[in-house]
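In numbering that gives the first Met the number 0, the protein residues as written are 0 to 84.
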Amino acid sequence: MEKRNLRKERIGVVSSNKMEKSIVVAEVKRVKHPMYGKYVLNTKKYVAHDEQNDCNEGDTVRIMETRPLSKSKRWRLVEILERAK
């Protein structure tokens, strides 16, 4: 049997759910500037597959890397950690 590599996982906030079965997840990281020492916010967006179409904007979700599902989708929804209030 072939052993599968570990899949990357990310936690982020849903910034858009306007597509069918797709969501845009924004991951915000605080990175220290190398010279000035100030913390800067870096935002990275991922397009993820949401099979049941049950995510809403503002939800905190966990996504996992997967095979390419479309031109821009390489991630899929694993679970919804917290619903938007």
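No residue lacks a Cβ here, since even glycine has one placed at the ideal position from N, Cα and C.
None of the values given here were measured: they were computed from a predicted structure.
In the DSSP assignment, find the beta strand (DSSP E) that holds residue i and state where it starts and stops.
i	result
L40	Y38 to H48
G11	E8 to S15
E81	K72 to E81
R61	T59 to E64
S21	S21 to K31
Closer than 8 Å by C-beta to residue i: which residues in its own chain qualify, once you throw out the five before and the five after it? Chain order, please.
i	result
V77	E8, V60, R61, I62 and M63
Apart from the five residues on each side of it in sequence, which residues of its chain come closer than 6 Å, Cβ to Cβ, to residue i?
i	result
E26	R9, G11 and K43
Using a Cβ-Cβ cutoff of less than 7 Å, which residues in the same chain neighbour residue i once the five nearest sequence positions on both sides are dropped?
i	result
N16	I22, C54, N55 and E56
A83	N55, E56, G57 and D58
Give a yes or no on whether the C-beta atoms belonging to residue i and residue j are separated by under 9 Å.
i	j	result
H48	R6	no
V24	V46	yes
Would you please state the rounded distance, in angstroms, between the beta carbons of residue i and residue j? I believe it to be under 8 Å.
i	j	result
K20	N52	6 Å
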